[in-house]
Amino acid sequence: MKKVLVAGATGYLGGFVAKEFKRRGHFVRALARTPRKLDYMKDQLDEIVEGEVTVPESIKNVCDGIDVVFSSVGMTRQKGNLTFKDVDYQGNKNLLEVAQKAGVKKFIYVSVFNGPNLPHLAIVKAHEDFVDELKASGMNYAIIRPTGYFSDMGQFFDMAKKGCVYLFGPGNNRINPIHGADLAACCVDALEGEKQEMDVGGPDVLTYREIAKLALEVQGKRVKITSVPGWLMRFIIAVTKIFNKRQGELLAFLTTAMTSEVVAPATGTHTLKEHYSTLQENR
C-alpha cells in the first residue's frame, strides 16, 4: 500500500483517480480548495485536506507522510485574476517543492496531448513549463498526456440540446477522447510503471463532425451542423482576448484542438455514444 496525495480531486479526472487509487488498496489524501465539493465521496477517501496550490503557505504540510503525488491541477473555469501560468505552472511547482521537502518518491502529472509542439498556446505552455520543472527536479515522475476528456465532449452535447452544433473548421480532423475512469486506470498504473511519458486516448476514433452528429442523434435532433471558417475564428479569438485574455487563450486552444489530429494509443472500454446516452437518460 502506498500513501497518495491527489491534487485536483474536485475536477472531472481527479475524482476518478482518487476512487481508483482507493479501489486498489492505497491510502488516499485528497487536496481541495473547497473540501465540501468532495462530500459526495468522502467515505471513499482516507483524508481530505484544504489548501490552494497558488498559496504556498496553505499546502506546506500536505505531503507529510506521502509516497506519491498525483496532480491534475489546472485552470479552466476558475474565477478571479489568476492566469494559466499562476495555476498550471506555478501552482504545480509549489506542490512539487512541498513534495520534494517531504521526501515524496514519485510525482504523476497530467499534461496535454502533443504539448511540446504547442508552446504558442498559453494553457499548453504553462503545463509544459511545469513538465520541464518536474523533469529537472530529480524526482521519479510520470507524465500522462490524454487527448481529451469525455467531459470536454459535453460541449457538443450541450450545443445539440439547442438543435445545432458549431464546429471550428470543417470538422474532418479526428480525436479519440477518453472517459475519466479509463484514464484514471492509466494514471494509477503509472504508480508502478516504468514509462515516464505516455500519450493516452479512448477506444473510438471519431471526426469532430461524427461527434457532433452523434450528440444530435442521441437526443433525437435533426442533424444540423455549422462550420465556422478559420478566418472568422481567428477574428473572434483576437476580439475575445481584448476583453478577456484568459477566455481568448482557452478559445485558441479549443480551436487548435478541433483543427488538428488528436489521436493517441487507444485504451479503455467506455464509448462516447454510451456517455452521451447516459447524459440523455439523466436529463
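Residue numbers (this note's numbering): -12 to 270. Just so it is clear, CB atoms sit at the ideal spot from N, CA and C, and this is done for glycine as well.
*So is Asn68 buried or exposed if we call it buried at 16+ other beta carbons inside 10 Å?*
exposed
*Secondary structure of Val210, DSSP reduced to three states*: Coil.
*7 Å Cβ cutoff met for Met140 and Pro157*: Going by C-beta atoms, Met140 is not nearer than 7 Å to Pro157.
*When the Cα of Met126 is compared with those of Lys88, Val97, Val152, Ala113, which residue comes out closest?*
Selected option, being the one with the closest Cα: Lys88.
*How should Gly255 be labelled, buried or exposed, when 16 other C-beta atoms within 10 angstroms of its C-beta is the threshold for buried?*
With 16 or more other CB atoms across the displayed protein chains lying within 10 angstroms of its CB, Gly255 is buried.
*asked:* Between which residues of its own chain and Tyr76 is the CB-CB distance below 7 Å, once the five residues before and five after are set aside?
replied: These residues qualify, in order along the chain: Ala113, Asp116, Phe117.
_Taking a contact to mean a Cβ-Cβ separation below 7 Å, would you say Leu32 touches Val60 in this structure?_
no
*asked:* Quick check on DSSP: helix, strand or coil for Ile46?
replied: Correct three-state label for Ile46: helix.
*Identify whether Ala19 lies in helix, strand or coil by the three-state DSSP scheme.*
If DSSP states are grouped into helix, strand and coil, Ala19 belongs with the strands.
_Taking the beta carbon of Arg196 as the centre, do at least 16 other beta carbons fall within 10 Å, making it buried, or is it exposed?_
buried
*Beta-ladder partner(s) of Pro133, from DSSP*: Val187
_Is it buried or exposed, Gly188, if we count other Cβ atoms within 10 angstroms and call 16 or more buried?_
buried
_Judging by CA-CA distance, which residue of Lys24, Val42, Thr41, Glu44 is the nearest neighbour of Ile35?_
Residue Lys24 is the option with its Cα nearest to Ile35.
*What is the residue span of the beta strand (DSSP E) that Val85 lies within?*
Where Val85 is concerned, there is no enclosing beta strand (DSSP E), although the alpha helix (DSSP H) it sits in stretches over 79 to 89.
*Does the distance from the CB of Val215 to the CB of Phe155 come in under 7 Å?*
yes
_Burial state of Val42 (16 or more Cβ within 10 Å)_ = exposed
_Starting from Tyr195, trace the alpha helix (DSSP H) in both directions and tell me its first and last residue._
195 to 205
*Just tell me which of Gly235, Ser247, Ala177 has its CA closest to the CA of Gly135.*
Ser247
_Give me, in chain order, the residues of the same chain whose beta-carbon lies closer than 8 Å to that of Ile229; leave out the 5 immediate sequence neighbours on both sides._
Gly235
*With DSSP run on the structure shown, which of helix, strand or coil describes Ser124?*
coil
*Would you kindly work out how many angstroms separate the C-alpha atoms of Lys122 and Arg161, rounded to a whole number?*
It is roughly 30 Å from the alpha-carbon of Lys122 to the alpha-carbon of Arg161.
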